[in-house]
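If you want the working numbering, it's the 1-based position in the sequence shown plus 8. The beta carbon of each residue, even a glycine, is placed where N, CA and C say it ideally should be.
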Amino acid sequence: MAILKPFKAVRPREDLAQEVAALPYDVMNSNEAREMVQGKPHSFLHVDKAEIDLDENINIYDTKVYEKAKENLYNMIKDGVLVQDDKPQLYIYRQIMNGKVQTGVVGCTSIDDYINNVIKKHEYTRADKEKDRINHVDYCDANTGPIFLTYRAEDEIDAIISAYTKREPVYDFVEDDGVTHVVWVIEEEDIVNKLCLLFSKVESLYIADGHHRTASAVKVGLMRRDQKPDYDGTEEFNFFLSVLFPDNQLKIMDYNRVVKDLNGLTEEEVLAKVSEKFEVELVGTEQFKPANKGEYGMYLTDKWYKLVAKDGTYDSEDHVASLDVSILQNNLLAPVLGIDDPRVSDRIDFVGGIRGLKELEKRVKEGMAVAFALYPTFVSELMNIADVGEVMPPKSTWFEPKLRSGLFIHLLYD
Numbered sequence: 009m010a011i012l013k014p015f016k017a018v019r020p021r022e023d024l025a026q027e028v029a030a031l032p033y034d035v036m037n038s039n040e041a042r043e044m045v046q047g048k049p050h051s052f053l054h055v056d057k058a059e060i061d062l063d064e065n066i067n068i069y070d071t072k073v074y075e076k077a078k079e080n081l082y083n084m085i086k087d088g089v090l091v092q093d094d095k096p097q098l099y100i101y102r103q104i105m106n107g108k109v110q111t112g113v114v115g116c117t118s119i120d121d122y123i124n125n126v127i128k129k130h131e132y133t134r135a136d137k138e139k140d141r142i143n144h145v146d147y148c149d150a151n152t153g154p155i156f157l158t159y160r161a162e163d164e165i166d167a168i169i170s171a172y173t174k175r176e177p178v179y180d181f182v183e184d185d186g187v188t189h190v191v192w193v194i195e196e197e198d199i200v201n202k203l204c205l206l207f208s209k210v211e212s213l214y215i216a217d218g219h220h221r222t223a224s225a226v227k228v229g230l231m232r233r234d235q236k237p238d239y240d241g242t243e244e245f246n247f248f249l250s251v252l253f254p255d256n257q258l259k260i261m262d263y264n265r266v267v268k269d270l271n272g273l274t275e276e277e278v279l280a281k282v283s284e285k286f287e288v289e290l291v292g293t294e295q296f297k298p299a300n301k302g303e304y305g306m307y308l309t310d311k312w313y314k315l316v317a318k319d320g321t322y323d324s325e326d327h328v329a330s331l332d333v334s335i336l337q338n339n340l341l342a343p344v345l346g347i348d349d350p351r352v353s354d355r356i357d358f359v360g361g362i363r364g365l366k367e368l369e370k371r372v373k374e375g376m377a378v379a380f381a382l383y384p385t386f387v388s389e390l391m392n393i394a395d396v397g398e399v400m401p402p403k404s405t406w407f408e409p410k411l412r413s414g415l416f417i418h419l420l421y422d
């Protein structure tokens, strides 16, 4: 059963919360981050992407980057931009995007729960990305970005959160992208204890977003255990920063594909090969957005096509093989376009659904050969795959809105 632990958050002064809050480090490159912090000296990107304060030619994995991240974090604390709470507490974090509301509990979860598969994964991680976040957490001695977890909704938890969010929040602001962020602090020890007890009855937590951050936080915790062999399990390094959302409030967006070339084929040859496994219908210049599972939009030579997977081309009883991303990969990207392993191929790129179909058209007009629009994966599919210990294909899910970094920091020491 799941462990939820209150903690003494380091968080922005109330009047600076919007100035500090920043998108996660992995949704923009260094140049984009440099542009985003213009005129924003308190932006948490100065911590999460500290290379923006160094020479623009520096390797982003250079030791100096992690040293700068630590310096920037503790200067923000010293200067009173960030302040640590006096006692361990839980927090409530609400996001509102296009009228859709998701409300989660902010606390710390256990590295042992991750190791023992109470916190379940659905993706492989890459060693280079893990190493980057290991260094960042290790140098900062803190979890600076929360892990996005989900769980099967529980009425009692919902009721407590619903009642508490009728109170006055400590933060309430709207970002430039139109997303509203609202935070409450749960100070009452009895409510904190009740929530921790209720989560202790939740069978499983699921990583929705943040596999690399989670794996890195766990590995830093294990490093700290090696450094302190007399640890008793209560130390802060045994836990990592998380936001826990009920599954019925989450929505996964489409995660689309663009491919650089047609694998030596002509347009006519591609269409002929695709039609072996898919029903192909020419839509024309009007964008086609899939409305059902098993449907795809293909943008090729300034024209949109509707593709529908034919019966018998995939195993509908297999949790992974029946995913739309798997059907496309196994029946088109690999056999037709030669993208055998999308994790390592430099001929494919991925476009989050938040960018819309115009981005797919733009990428093709700028030099990519073909684009594919997918129907979004369901949260239930993610959970089912994690429950049976399998993994999803890369780039299967795109969650929106993104959790802001800087609103909560968890120090790994008391």
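- Message: Per the DSSP calculation, N151 is bridged to which residue(s)?
- Response: For the purposes of this step, residue 151 is identified with residue 143 of the sequence shown, where counting begins at 1. Among the bridge pairs identified by DSSP, N151 is matched with H418.
- Using 8 Å as the threshold, is the region 69 to 81 in touch with the region 164 to 180, meaning 3 or more CB pairs across them? Verdict: no, contact absent.
- Would you list the residues sitting across from A379 in a DSSP beta bridge? As a position in the sequence shown, residue 379 is number 371, starting the count at 1. V266 and Y307, per the DSSP bridge assignment.
- Query: Any idea what DSSP makes of H130, helix, strand or coil?
  - Reply: Walking along the sequence shown from the start, residue 130 turns up at place 122. Coil.
- Query: Pairing CB atoms from the region 272 to 290 with CB atoms from the region 35 to 55, are three or more of them under 8 Å?
  - Reply: No: the two stretches stay apart, fewer than three of their Cβ pairs being nearer than 8 Å.
- Message: Given this structure, state the Cα-to-Cα distance separating Q295 from V266, to the nearest angstrom.
- Response: Counting from 1 along the sequence shown, the entry for residue 295 is found at position 287. Counting from 1 along the sequence shown, the entry for residue 266 is found at position 258. Taking the straight line from one Cα to the other gives about 15 Å.
- Message: Please tell me whether S224 and R141 are closer than 8 Å, where the distance is taken between their beta carbons.
- Response: Along the sequence shown, read from residue 1 onward, the residue named residue 224 stands at position 216. Along the sequence shown, read from residue 1 onward, the residue named residue 141 stands at position 133. Contact: yes.
- Chain-order list of residues whose beta-carbon lies under 7 Å from that of K137 (same chain, five-residue window excluded): What you label residue 137 is simply residue 129 of the sequence shown in a count that begins at 1. Only H220 meet the Cβ criterion.
- Item | Nearest-angstrom Cβ-Cβ length linking V126 and L213, presumed shorter than 8 Å | Taking the sequence shown and counting its residues from 1, the one referred to as residue 126 is at position 118. Taking the sequence shown and counting its residues from 1, the one referred to as residue 213 is at position 205. Contact holds; Cβ gap of about 7 Å.
- Message: On a Cα-Cα basis, can you pick out the residue from S353, F380, N80 and M400 that is closest to E389?
- Response: Residue numbering aside, residue 389 sits at position 381 when the sequence shown is read from its first letter. Ranking S353, F380, N80 and M400 by Cα distance to E389 puts M400 first.
- Looking only at its own chain, which residues have a Cβ that is under 8 Å from the Cβ of A186, when we skip the five neighbours before and after it? As a working note, residue 186 is residue 178 in the sequence shown. Looking at the sequence provided, one finds Gly at residue 186 rather than Ala. Taking G186 as the centre and dropping the five residues before and after it, the same chain places the C-beta of M105 and N106 closer than 8 Å to its C-beta, in chain order.
- the region 338 to 349 in contact with the region 250 to 258 per 3-pair CB rule at 8 Å: No, the region 338 to 349 is not in contact with the region 250 to 258.
- Where E287 sits in the DSSP three-state scheme: Counting from one through the sequence shown, the residue named residue 287 turns up at place 279. Looking at E287 - three-state DSSP - the assignment turns out to be strand.
- Task: Can you give me the start and stop residues for the beta strand (DSSP E) that L345 sits inside?
- Result: As a first step, residue 345 must be located in the sequence shown, where it is residue number 337. Where L345 is concerned, there is no enclosing beta strand (DSSP E), given that its DSSP letter is neither H nor E.
- Can you name the residues that DSSP bridges to H189? Against the sequence shown, residue 189 aligns to sequence position 181. Residue pairing from DSSP places H189 in a beta bridge opposite Q103 and F181.
- Query: Considering only residues of the same chain and omitting the five flanking positions on each side of V145, which have a CB-CB separation below 7 Å?
  - Reply: Walking along the sequence shown from the start, residue 145 turns up at place 137. The beta carbon of V145 lies closer than 7 Å to those of N151, S224, A225 and V228 in the same chain, with the five residues before and after it left out.
- Item | Assigned exposure category for S404 - 16 Cβ within 10 Å defines buried | Against the sequence shown, residue 404 aligns to sequence position 396. Classification of S404: buried, given that the 10 Å Cβ count is 16 or more.
- Query: For Q432, is the classification buried or exposed, using 16 other Cβ atoms within 10 angstroms of its Cβ as the cut-off for buried?
  - Reply: Here the chain comprises residues numbered 9 to 422, so residue 432 is not present and cannot be evaluated.
- Nearest CA to the CA of E289: which residue from N264, A317, L206 and F207? Here residue 289 refers to the residue found at position 281 of the sequence shown. Measuring from the Cα of E289, the nearest candidate turns out to be A317.
- Message: Quick check: the Cα distance between I66 and E59, rounded to an integer number of angstroms?
- Response: Residue numbering aside, residue 66 sits at position 58 when the sequence shown is read from its first letter. Residue numbering aside, residue 59 sits at position 51 when the sequence shown is read from its first letter. When the Cα atoms are used, I66 and E59 turn out to be separated by approximately 7 Å.
- Message: Between which residues of its own chain and E211 is the CB-CB distance below 7 Å, once the five residues before and five after are set aside?
- Response: In the sequence shown, residue 211 corresponds to position 203, counting from 1. M9, listed in sequence order.
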